[in-house]
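Heads up, the thing below is written out as structure tokens.
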Amino acid sequence: MPSYIQSGTIEGYVLCDSAADYKTTSKIGYLVKIHATQTNNFRPTVTLAAAETDLCPFVIVDTPSTSTVICQPLTPNRNVYLIAGGAITAGNACGVIAGGKVGPTLNSRDAAIGFAENAAAGTDDWVAVRPVGGFYNT
Amino acid sequence: MATSSVYYEQSNSVAGDIVCDCASTLAAYIGYFAYIVTNTGKRPKVAVPGTANIPVQFVIIDAPTTTTVVCRPLDPNRNIRVKCAAAGVTAGQEVATNNAGLLAASGGAAGNFLVGIAENAGASGQYVPVRPCPMYLHA
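Heads up: the sequence lines are chains A and B, in that order. Number 75 in our numbering belongs to position 75 of the first sequence; there are no gaps in the numbering. Number 115 in our numbering belongs to position 115 of the second sequence; there are no gaps in the numbering.
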């Protein structure tokens, strides 16, 4: 019998507050991190990645309003489609870049997102990524 | 969906919560981190960390007997509530276990084990939701 303490936790998609309007600016497929300032106590507030070292546990999959987003957690059990920030080679490790896109370059201490399952021709292509957590160690 | 009869090598593996052995009752440690210390031959034997920044795999969610606990794996697909240490945490902070199995800010140093990211701010004794993303920090 699971403990009641975990009754407020949830598996899979989560509704989050957004630090900015990601509906009008069409940020579906972008990576987000948890913001330090919460809009309310019931759910995280998320914001687009600002640096390559940011840990981004979610990708935005829907924008029901200008102040909320639905996020899918990055888990190795499910691949995700992300917006590329440049050309990516299938099989290569990739990481987040400033602005929330996924990039082909990983420097030391960058937050790895996963491995590209297909190639991206260039910026704003959709690319399937198999998530694996970790920091890239050059 | 594949059946276990096809992938018979995995027929004894299990997804989600598992019963583990423990040396003595951990009824007072629900919501604490736990890590694998050995194996009794049937299942892992776990303990609450006595050192900060060691790799933890589970959070204790129930203690049905004095020698068993129910543990929930740290899975990025599901947030999990963990009891917070005295210093507290802030939302968005990288977190780890402290030297008593409680939630604390990650040391952030090479070799430290990161458990995840706090989804809420939390104070001493509160059960803070954490988004697991376990990993070692490198040099």
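Even glycine gets a Cβ: it sits at the ideal position worked out from N, Cα and C. Being a predicted model, the structure only gives us computed values, none of them experimental.
Amino acids of chain B, ordered along the chain, whose beta-carbon sits closer than 7 Å to that of residue i
i: A:N41; result: N120
i: A:L55; result: E94, I117 and C133
Status (buried if at least 16 other CB within 10 Å, exposed otherwise) for residue i
i: B:E119; result: buried
i: A:D124; result: exposed
i: B:D62; result: buried
i: B:N79; result: buried
i: A:D17; result: buried
i: B:N39; result: exposed
i: A:S7; result: exposed
i: A:T89; result: exposed
i: B:F58; result: buried
i: A:P76; result: exposed
i: B:G16; result: exposed
i: B:N12; result: exposed
i: B:A27; result: exposed
i: B:S106; result: buried
i: A:D110; result: buried
i: A:F42; result: exposed
i: B:V14; result: exposed
Neighbour flag for residue i against chain B, beta carbons, 8 Å
i: A:T75; result: yes
i: A:S3; result: yes
i: A:P44; result: yes
Three-state secondary structure assigned by DSSP to residue i
i: B:E119; result: coil
i: B:G50; result: coil
i: B:E9; result: helix
i: A:Y13; result: coil
i: A:I83; result: strand
i: A:S108; result: coil
i: B:A27; result: helix
i: A:G95; result: strand
i: B:Y32; result: coil
i: A:S65; result: coil
i: A:G8; result: helix
i: A:I28; result: coil
i: B:G41; result: coil
Under 8 Å from the C-beta of residue i: neighbouring residues of chain B
i: A:I34; result: A91, G92, I117, A118, E119 and R131
Minimum Cβ-Cβ distance from residue i to chain A less than 8 Å
i: B:P76; result: yes
Proximal chain A residues relative to residue i, where beta-carbon distance stays under 8 Å
i: B:G140; result: The requested residue 140 of chain B is not part of the displayed model; chain B covers only 1 to 139.
i: B:N79; result: T9, I10 and V14
i: B:Y127; result: I5
Closer than 9 Å at the beta carbon, the chain B residues around residue i
i: A:L48; result: Within 9 Å Cβ-Cβ: nothing; A:L48 doesn't reach chain B, min ~13 Å.
Beta-carbon neighbours of residue i, restricted to chain A and to distances below 7 Å
i: B:D21; result: The contacting residues do not exist; B:D21 stays about 18 Å from chain A at best.
Can you give me, in chain order, the residues of the segment 5-22 of chain A that have a beta carbon less than 8 Å from any beta carbon in chain B? Per Cβ criterion, the list reads I5, Q6, G8, T9, I10, E11, G12 and V14.
Counting only Cβ-Cβ distances shorter than 7 Å, please list the residues of the segment 48-64 of chain B near chain A, keeping chain order. Flagged, chain order: I61 and D62.
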